[in-house]
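Data first, discussion second: the structure below is written as structure tokens.
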Amino acid sequence: MKVAYYPGCASHGLSKDVDIATRKVADLLGIELVEVPDWNCCGGGFLDEYDEVGQVALSIRNLSKVESLRLNKMVTPCSVCLHSHRLAQHKYKEDSDVRKAVNKRLNRANVQYSGTVETEHIVWVLLRDVGVERLKQHVKRPLTGLKVGAYYGCQMLRPESVMGFEPAFNPRSLETLISITGATPVTFPQARACCGFPLMGSNPDVGLKLAYNVLSGATNAGADILVHPCNLCHLQLDTLQLKVVERFKLPQPLPAIYITQLLGLAFGFTPEELGIPKLALEVLRKKGVV
Amino acid sequence: MSTPVQVQDLQEAEVVFRVKRYSKEKGDYWQEYKLKVDRFTQVTEALRRIKVKQDPSLAYRASCHMAVCGSCGMKINGEPRLACKTLVLDVVKKFGTNVITLEPMDRFPIVKDLVVDMTEFYDRMERVKPRLYPSKEVLEYKAEHRLKPEDQRLLWKFAQCIWCGLCVSACPAVKEDPLFLGPAAHAKGFRFLRDPRDTITEERVKVLADSAWRCTYCYMCYHVCPRDIEPVTAIKKTRALLKSVKPMGPAQEVGHKHSEAVYESIYTYGKINEGVVYVKTYGLIRSLVDMTYAFRAGKAKYALEKVEPVKEVEQVRELMRGE
Amino acid sequence: MLIFETRENSRGPALDKATYDAVVVGAGLAGLMSAYYIAKEGFKVAVISKVFPTRSHSAAAEGGIAAYIEGNSDPNDSPDYMAYDTIKGGDYLVDQDAAELLAYKSGEIVDLLERWGALFNRQPDGRIAVRYFGGQTYPRTRFVGDKTGMALLHTVYERASGTDNVDFYYEWFTWDLVVDSDRRVRGVVAFDMRNMTPTFFEARAVVMASGGMGMLYKHSTNSYINTGDGYAMALRAGAALKDPEFVQFHPTALYPSDILISEAARGEGAVLRNNKGERFMARYAPKKLDLAPRDIVSRSIMIEIKEGRGFPGGYVGLDLTHLGEEYIKERLALAYEAALNFAGVDAMKEMIPVRPAQHYFMGGIDVDIKGRNPDLIGLFAAGEAACVSVHGANRLGSNSLLETLVFGRETGIAVAEYLKTASWPSSDVAKDVERSVDQAYSVVKSESGRHFGEILEELRSTMWDYVGIFRNDGGLRNALSKIDQLRGEINKMYVTDKSKVYNTEFFNALELKNMLDLALVIAHAALNRTESRGAHYREDYPQRNDQEWMKHTLTYLRGKTVEISYKPVKVTRWKPEERVY
Chain A
1 MKVAYYPGCA SHGLSKDVDI ATRKVADLLG IELVEVPDWN CCGGGFLDEY
51 DEVGQVALSI RNLSKVESLR LNKMVTPCSV CLHSHRLAQH KYKEDSDVRK
101 AVNKRLNRAN VQYSGTVETE HIVWVLLRDV GVERLKQHVK RPLTGLKVGA
151 YYGCQMLRPE SVMGFEPAFN PRSLETLISI TGATPVTFPQ ARACCGFPLM
201 GSNPDVGLKL AYNVLSGATN AGADILVHPC NLCHLQLDTL QLKVVERFKL
251 PQPLPAIYIT QLLGLAFGFT PEELGIPKLA LEVLRKKGVV
Chain R
291 MSTPVQVQDL QEAEVVFRVK RYSKEKGDYW QEYKLKVDRF TQVTEALRRI
341 KVKQDPSLAY RASCHMAVCG SCGMKINGEP RLACKTLVLD VVKKFGTNVI
391 TLEPMDRFPI VKDLVVDMTE FYDRMERVKP RLYPSKEVLE YKAEHRLKPE
441 DQRLLWKFAQ CIWCGLCVSA CPAVKEDPLF LGPAAHAKGF RFLRDPRDTI
491 TEERVKVLAD SAWRCTYCYM CYHVCPRDIE PVTAIKKTRA LLKSVKPMGP
541 AQEVGHKHSE AVYESIYTYG KINEGVVYVK TYGLIRSLVD MTYAFRAGKA
591 KYALEKVEPV KEVEQVRELM RGE
Chain Y
614 MLIFETRENS RGPALDKATY DAVVVGAGLA GLMSAYYIAK EGFKVAVISK
664 VFPTRSHSAA AEGGIAAYIE GNSDPNDSPD YMAYDTIKGG DYLVDQDAAE
714 LLAYKSGEIV DLLERWGALF NRQPDGRIAV RYFGGQTYPR TRFVGDKTGM
764 ALLHTVYERA SGTDNVDFYY EWFTWDLVVD SDRRVRGVVA FDMRNMTPTF
814 FEARAVVMAS GGMGMLYKHS TNSYINTGDG YAMALRAGAA LKDPEFVQFH
864 PTALYPSDIL ISEAARGEGA VLRNNKGERF MARYAPKKLD LAPRDIVSRS
914 IMIEIKEGRG FPGGYVGLDL THLGEEYIKE RLALAYEAAL NFAGVDAMKE
964 MIPVRPAQHY FMGGIDVDIK GRNPDLIGLF AAGEAACVSV HGANRLGSNS
1014 LLETLVFGRE TGIAVAEYLK TASWPSSDVA KDVERSVDQA YSVVKSESGR
1064 HFGEILEELR STMWDYVGIF RNDGGLRNAL SKIDQLRGEI NKMYVTDKSK
1114 VYNTEFFNAL ELKNMLDLAL VIAHAALNRT ESRGAHYRED YPQRNDQEWM
1164 KHTLTYLRGK TVEISYKPVK VTRWKPEERV Y
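Protein chains in written order, with the numbering used here: chain A, 1 to 290; chain R, 291 to 613; chain Y, 614 to 1194.
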């Protein structure tokens, strides 16, 4: 299958490994990811503060690029990009005041959009389009014995009325994917709590505390490692993990990797091929997974 | 002519309500009630039947049973919901089990069974001065208000808060940050801040400004709000309105720089350039300190990754230009 | 462990006492308005409510508030037309001075609420918008989205809570009026629901604004809290209820929650069907069909259900499916959403399950247009708890919100006037207070027996079956004997919960006592009125009889019996005529 691919800004930076692993896994599964040509930022969850209409318009510019590829699905590995685009589409459809203002700008900038594109998360595509059975067939190195905390965070789930893939208070997608790898999924109380990343730009103390809540919650539930579905959770829980560990004196880190990185390992890719981050690698080695 | 009320999936079922009970005298414990319900039965109706027919001692709040009074907030299978706006069989279908747990809302002290003490919630609402302060002229009938239909629509969206407390009970930022007013109070606060008929804007700004930058945009409030008022949207709009008012509190000061940096980055590159945004928000020294964490996490190689700017960045800028 | 044993056994310590100039019981629109206008004159007011103010039943009103606004109404309209519509709608049992006052003050009250911040829907020029409602000669209904009651309740609460001199006691249960030997109101006894302690709220004036009584009926659109406490308190204290036989039933309440589906739905083309798919209204009202008056439609639905043509559970279908998605979304959004949210029914694909349900109580504590009760000095009432006789035998849509505000304010002003001259009586009422508290405690004495729930369900069925939409001599006598029996049984009621914290079972038991007192009075008055008028329909007396019955019923509770007397209807300008639409 062929889908449009929206990597998101963080994939050009510190979450580059998310992009690397996602492309590898998709390729193996026969999903052709066509990068949205000349895509722009979704607003990062902040632009709408300054300019709600502009944020919707920018998202629609991306979707119009997808239409020009004659595709009707845009997939992203980033929950925030997913959220921004879906929410923008929702507003554009439901709020006539917003739609009018957006259309004005689209016209001015010569952007055509007819509303045929659906934005989806890579997790949804893996489960809905590829399917559990086909995913299972690709497992070459079962991750038996590894206990993996399933961390959803916020934006892939909420609001359920706009995201719609699974119940926001009873999500199972990550547990399902973890099970496929042969690892043991660990469900923990903070699985749907915020990682604190969006607060890093205004109130970092509380932002880090939220990250700590997630890490300690999963640790207490017995997880060896955490998987998540988001470029920005990755920044918070991987890149800044040691800051959280130091500040709150966690006995040891609980490394976080992206869901396609875990899948890739089970599918037989080397950690290097998947860009598995350093902290995670240490744990995976210790657990004898790699 | 239509077919009369159709048989669709589940029409009737026997369900088990596991209710988390508490009384000062007995402490907390779980109790189960079996009940036959049909597809129309609201959780409030199920509770009423339990109370009237099985166990008169069960304590819960419920009044209007049509989602306007905000009495019956509780956790239903872990999800903060109004019991009246929840059909029993919908929960059964969604969770794939006929056992439904009912618990009191999080955060607020439990008084008895499903009844919590909401004093703290009411205090939060009071802090934003939840009432219009019209001009003296209007109150003395020397002038009258006009309100544009589009303003009425905008304000009414946020004025529909029914004080049920669900959003505050579920908000992660409220839990960690005593300086954050919380979602409901912000929705209420914005509704008056933005009301052109109000006269105490300065005072409202003082109350709302810094707090608005203490929200973590987790969209929990948007999800749980039974009236779809989207408190987080009110917070975003508050930030937009107050982004540069001074004096700035600590969260606003950082947050304002951050949002401005995000905006600039998108305007310049069409994308967010993490490094630039970080430095603009926190300054060079702090950024370098934080960068050490990234390096220690083995991310040095990505730090030098170059942002590829949008080629048609002029088009992006056009889309960002207001009217 | 018996609750409250300390108090019962030792008779001390002295009861908590709080002193106010006025106590307002109930924090819905009427109560808040009264409180605001009393406090405005510098008097100290306690507002006591068993729920937090914004949870009051006023919030449930959807459609709007009728108002003639000078310069913002149909140019042909006038307050006189509005008064006339109200009088005709009330089947001429309306006191016409009250209807005139309601109409003439409607514009200024809506204007006042706007000045306080209410977000009325707007016209393009920024003035308040207007729409039609049933029974209006010209469009007069002002509205805030589809949640007018909620919007106005919040506005008035915001206003009242920002005022000095008003103390709110929410989640306090008012149990009894305290009246001295001079028939003077001395205050109320109320319990803090959180810790169950009683307090004597001493006051020179009491405003009963405690709302309606829908819970007396098996099916009601009312909030669960509407248990008629104020009526029962007034009755026990010796005040009259006026016209209690007039109970309004709405034909289309959503099954099984009984949430109102506005008659706008039928106005826009929805039709009622039985389990055979028949448009059965053709049999009962061949011309008006589904748009026949409320009482006729209600009775027709009941007959269909009784004769086995309803759906299992007892309802009929309200069919919108032929109207199409676009039309439904545009014109019938409210009905559509209610069905979806509260019954899980997609009205574009299937019929909405509906049945008739109790909706409003036209009767109430007898008061004049200033909210004053003539029986007890210092007793006032407003809103649904009161009977100003502005609705007569049948209330028009959009008039209940209006009544709460107009007469809530009139009452508040009247109380303030009264307080300016009323002295603090000196006689000791401690004994009366003690007796009242003991009476409340008496319901927790039994260690076994029937729960409130069993008795309650029997009462609600009895009222629905015999004092409901159809009434006749035999049925009403049945009801009376059943109510008598139940009133005997509650003395042996068993309250299983002995907790001293938020013991809702205890308060439910007290509510049940209130409901039984009220039920007795309603059934008596319904048996007594041998005619059909407005909402009161006697199968054995199907005609209106102005000769004998153009008069108000006054009912007094005297222990086990009810004493009935009459009062003339105030007629100013409009002579009774047949009520034809």
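All C-beta atoms, glycine included, are put in the ideal place defined by N, C-alpha and C.
Remember, it's a predicted structure, so these values are computed and weren't measured experimentally.
Does the ligand NAP have a heavy atom nearer than 6 angstroms to the CB of residue i?
i                    : result
residue 5 of chain A : With respect to the ligand NAP, the structure offers nothing, as it holds no ligand at all.
Quick one: grab the DSSP three-state call for residue i.
i                       : result
residue 632 of chain Y  : strand
residue 7 of chain A    : coil
residue 293 of chain R  : With a pLDDT of only 35 at residue 293 of chain R, under the threshold of 50, the placement of this residue in the model should not be trusted; the figure read from the coordinates follows. It is coil, neither helix nor strand.
residue 1160 of chain Y : helix
residue 707 of chain Y  : coil
residue 815 of chain Y  : strand
residue 491 of chain R  : helix
residue 993 of chain Y  : strand
residue 1004 of chain Y : coil
residue 448 of chain R  : helix
residue 496 of chain R  : helix
residue 1181 of chain Y : strand
Starting from residue i, follow the alpha helix (DSSP H) in both directions and report where the run begins and ends.
i                       : result
residue 630 of chain R  : A question about residue 630 of chain R goes unanswered here, because the residues of chain R that appear run from 291 up to 613.
residue 670 of chain Y  : Run containing residue 670 of chain Y: none; DSSP gives neither H nor E here.
residue 266 of chain A  : 259 to 266
residue 522 of chain R  : 521 to 532
residue 780 of chain Y  : First-last for residue 780 of chain Y: 779 to 783, but that is the beta strand (DSSP E), not the alpha helix (DSSP H).
residue 1026 of chain Y : 1012 to 1034
residue 137 of chain A  : 132 to 137
residue 693 of chain Y  : 692 to 702
residue 720 of chain Y  : 719 to 728
residue 141 of chain A  : Looking at the DSSP string, residue 141 of chain A is not in any alpha helix (DSSP H), and its letter there is neither H nor E.
residue 478 of chain R  : 473 to 483
residue 75 of chain A   : Careful: residue 75 of chain A lies outside any alpha helix (DSSP H), inside the beta strand (DSSP E) at 73 to 76.
residue 614 of chain R  : Nothing can be reported for residue 614 of chain R: it is not among the residues displayed for chain R, which extend from 291 to 613.
residue 577 of chain R  : 564 to 586
Which two residues bound the contiguous beta strand (DSSP E) that contains residue i?
i                       : result
residue 1143 of chain Y : Residue 1143 of chain Y -> no beta strand (DSSP E), and no H or E assigned at all.
Quick one: is residue i buried, meaning 16 or more other Cβ sit within 10 Å of its Cβ, or exposed?
i                      : result
residue 285 of chain A : exposed
residue 1 of chain A   : exposed
residue 39 of chain A  : buried
residue 900 of chain Y : exposed
residue 386 of chain R : exposed
residue 516 of chain R : buried
residue 371 of chain R : buried
residue 220 of chain A : exposed
residue 942 of chain Y : exposed
Completely contained beta strand (DSSP E) runs for the stretch 890 to 941 of chain Y, where each covers 3 or more residues: List check, beta strand (DSSP E) in window: 929 to 932.
Completely contained alpha helix (DSSP H) runs for the stretch 213 to 249 of chain A, where each covers 4 or more residues: Counting whole runs of 4 or more residues, the stretch 213 to 249 of chain A contains the alpha helix (DSSP H) stretches 231 to 234 and 241 to 248.
At least 3 beta-carbon pairs within less than 8 angstroms: the stretch 31 to 45 of chain A vs the stretch 588 to 595 of chain R: no
Beta strand (DSSP E) segments (min. 3 residues) lying fully within the stretch 115 to 203 of chain A: 118 to 121, 147 to 150 and 184 to 186
Length-filtered (4 minimum) alpha helix (DSSP H) runs lying within the stretch 10 to 49 of chain A: 16 to 29
Those runs of the beta strand (DSSP E) which lie wholly inside the stretch 349 to 417 of chain R and span at least 3 residues: 363 to 366, 369 to 372, 389 to 393 and 400 to 402
Segment contact, 8 angstroms Cβ cut-off, at least three pairs: the stretch 516 to 527 of chain R with the stretch 447 to 466 of chain R: The stretch 516 to 527 of chain R makes contact with the stretch 447 to 466 of chain R, as at least three CB pairs between them are under 8 angstroms.
The stretch 492 to 506 of chain R touching the stretch 425 to 440 of chain R, judged by at least three CB pairs closer than 8 angstroms: no
Touch test, the stretch 951 to 959 of chain Y against the stretch 833 to 846 of chain Y, Cβ-Cβ under 8 angstroms, three pairs minimum: no
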